[in-house]
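Working notes for the structure below.
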Amino acid sequence: AELERLGVRFDLAVSQVNKNGIAAISTRVSLPTGPDVDEDEEDHVHCDECGHDHGHNEGHVHDHPHEHEHTHEHAHEHDHPHEHADGDTEADEESLVHGHGMEVEEILSILDRLTEPTRSKAKEMFEALVEVEARVHGTTVDSVHLHEAGAMDAIVEIVGAVKGLELLGVDRVVCGLVNTGTGFAKMAHGTYPVPAPATAELLKGIPIYMDSFAETRKELVTPTGALILSHLVDEFAPISMTVELVGYGAGKRDTAIPNVLRGFVGTSASAQAPKRLVLLESNIDNMNPELYGNLMEVLYTSGAVDVFFTPVQMKKNRPGTRVSVLGELHSKDVLVETLMRESTTLGVRVSYPERYEADREIVEVKTALGPARVKMARYGGETVNMSPEYESCRQLSAQSGVPLKQVYMLVYEAAQALVPPQQEAD
């Protein structure tokens, strides 16, 4: 239903096929005016203005021989051993590059027809893909024109991935190390090593490896696949889950390694799995104190999860400040650049800590003074903390004249009524 909202004419054929003895679902995208989007063409977005053509593109379903473990922190988990087994077959450059081009704004207007939260996430992902293509080819986003077939396939993949996770009730996505494959990829400008330039850009901050087995001496991750990894995966780590559902999606080619995507849905094996983040730190002793507030703001704007300052003693007995920035793995480069540009530091230390997180939910409770919002924290299925929201309580205090500390107590008592009696007894 969500794909129908796009209002664009395309056909999506779904059928069951057999891959090396495994029954899997095959999906193919085609346009009314042309043939099916070939697996050699479909997973790369072709830039008409840039004049490049990847002749080895993966299909509408992703077929990597590496395992993507999509874990939902406390409810469901997925594991995607996407097994891309492509060859280096050249695509028809005339049909790819010189066909009808689509403007970026045209594509964004199509995505505007979707419902939230799919719309915002899909637009964010497509904009990121176009920005990477423009950067790789040394042009501007406004100058990028995308081939219709490749663009439509990318749209369907992006929307399908985002909406699919939403429909499955995914709380958390975890992926293992990503196998990019090895070898070379043929493009309009020549032959390039795997991963392709746009793919390499999108894989920044993602742990990868390259094996050299004959069956995987090919491109195993394409730009659209890398885009999905960089925007939908919460953590790259081994899987730990109790499996409830297993599904298979099929690629087009027949290969020695089953050309399928495997997805698991299940429950986390542990009460709460840790999340791997990046921690950036710099010790500074020569910066104007007035600049620290702005530094914190721009770091949060750049994607930081947490920013904090710690007083430290530095060389020559100088008092200094340790700037600590916690962020998602894919945000590392932009956060490092922000630190270097917005502070006086000469270097940034990088580490990768794990963080256990409680699941958080904002609920509204009713009190004698009016409704108020409370943040509920749950860990392992149990409510472990309740925190009245400051702004909500402050407004009640201002309206009623009741001291803020008493409002907090009233709101907290109302929130306690939401905790199951058995848990309170425990």
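Residue numbers for the sequence shown follow the numbering used here, so the first one is 1477 and each next one is one higher. Virtual Cβ for every residue (Gly too), placed ideally from N, Cα, C. For clarity, every value in this text was computed on a predicted model and none was experimentally measured.
Residue i - DSSP class collapsed to helix/strand/coil
| i | result |
| --- | --- |
| His1623 | strand |
| Val1573 | Here the model assigns Val1573 a pLDDT of 32, short of 50, so the residue's position is not dependable and the matter cannot be decided. |
| Leu1886 | helix |
| Asp1931 | Any question about residue 1931 goes unanswered here, given that the chain covers just 1477 to 1902. |
| Gly1742 | strand |
| Arg1648 | coil |
| Asp1588 | coil |
| Thr1594 | helix |
| Val1608 | helix |
| Arg1481 | helix |
| Leu1488 | strand |
| Val1635 | helix |
| Val1617 | helix |
| Ala1891 | helix |
| Asp1512 | Residue confidence is low: Asp1512 scores 49 on pLDDT, short of 50, so the model does not pin down where it sits. Its coordinate-derived value is still stated next. Strand at Asp1512. |
| His1530 | Residue placement at His1530 is poorly supported in this model, since its pLDDT is 39, which falls under 50; the coordinates are not used for a value here. |
Distance between beta carbons of residue j and residue i, contact taken as under 8 Å
| i | j | result |
| --- | --- | --- |
| Leu1696 | Thr1656 | 6 Å |
| Val1650 | Val1736 | Not a contact, Cβ separation roughly 20 Å. |
| Asp1835 | Arg1794 | Rounded, the Cβ-Cβ distance is 43 Å, inconsistent with contact. |
| Phe1740 | Val1719 | 5 Å |
| Ile1586 | Ile1631 | 7 Å |
| Ala1780 | Leu1802 | 7 Å |
| Arg1693 | Gly1659 | 5 Å |
| Leu1845 | Leu1886 | 6 Å |
| Ala1890 | Val1841 | 4 Å |
| Arg1481 | Thr1591 | 7 Å |
| Gly1823 | Ser1758 | 7 Å |
| Ser1744 | Ser1716 | 7 Å |
| Ile1583 | Ala1610 | Contact flag wrong, Cβ pair sits at about 14 Å. |
| Pro1671 | Leu1679 | 6 Å |
| Ser1819 | Met1763 | 6 Å |
| Val1635 | Thr1594 | 6 Å |
Residue burial classification, residue i (beta-carbon count within 10 angstroms, cutoff 16)
| i | result |
| --- | --- |
| Lys1792 | exposed |
| Lys1597 | buried |
| Glu1454 | Past the edges of the chain, shown from 1477 to 1902, lies residue 1454, and the structure says nothing about it. |
| Glu1711 | buried |
| Glu1633 | buried |
| Glu1867 | exposed |
| Leu1756 | buried |
| Leu1605 | buried |
| Phe1784 | exposed |
| Arg1648 | buried |
| Glu1858 | exposed |
| Pro1765 | exposed |
| Ala1477 | exposed |
| Val1788 | exposed |
| Lys1881 | exposed |
| Asp1588 | exposed |
| Val1490 | exposed |
| Gly1769 | exposed |
| Leu1488 | exposed |
| Val1617 | exposed |
| Gly1483 | exposed |
| Gly1614 | exposed |
| Glu1677 | buried |
| Arg1870 | exposed |
| Asp1782 | exposed |
Proximity test, residue i beta-carbon vs the ligand HEM heavy atom, cut-off 6 Å
| i | result |
| --- | --- |
| Val1606 | Questions concerning the ligand HEM fall outside what the structure shown contains, since it holds no ligand whatsoever. |
is_contact[residue i, chain D] using C-beta, thresh 7 Å
| i | result |
| --- | --- |
| Val1493 | The displayed structure is made up of one protein chain only, and chain D is not part of it. |
Closer than 8 Å is the cut-off here; do at least three beta carbon pairs connect the stretch 1644-1662 with the stretch 1701-1721? Because the criterion of three Cβ pairs below 8 Å is met, the stretch 1644-1662 and the stretch 1701-1721 touch.
Length-filtered (4 minimum) alpha helix (DSSP H) runs lying within the stretch 1756-1821: 1766-1777, 1808-1818
Contiguous beta strand (DSSP E) assignments of at least 3 residues, all confined to the stretch 1814-1881: With a minimum length of 3 residues, the continuous beta strand (DSSP E) runs that stay inside the stretch 1814-1881 are 1825-1827, 1835-1843, 1846-1855, 1858-1864.
Okay, do the stretch 1772-1779 and the stretch 1827-1834 touch, 3+ Cβ pairs below 8 Å being the bar? In this structure the stretch 1772-1779 does not lie against the stretch 1827-1834, because fewer than three pairs of beta carbons, one per stretch, are closer than 8 Å.
Inside the stretch 1662-1738 only - alpha helix (DSSP H) runs reaching at least 4 residues: Listed in chain order, they are 1673-1678, 1699-1708.
Could you tell me whether the stretch 1712-1726 touches the stretch 1485-1504, where touching means 3 or more Cβ pairs closer than 8 Å? yes
Does the pairing of the stretch 1656-1676 with the stretch 1618-1628 give three or more beta-carbon distances under 8 Å? no
Assess contact between the stretch 1855-1864 and the stretch 1809-1824, defined as three or more Cβ pairs (one per stretch) separated by less than 8 Å. Is contact present? These segments do not touch.
Cβ contact check for the stretch 1889-1898 and the stretch 1845-1855: 3 or more pairs under 8 Å: yes
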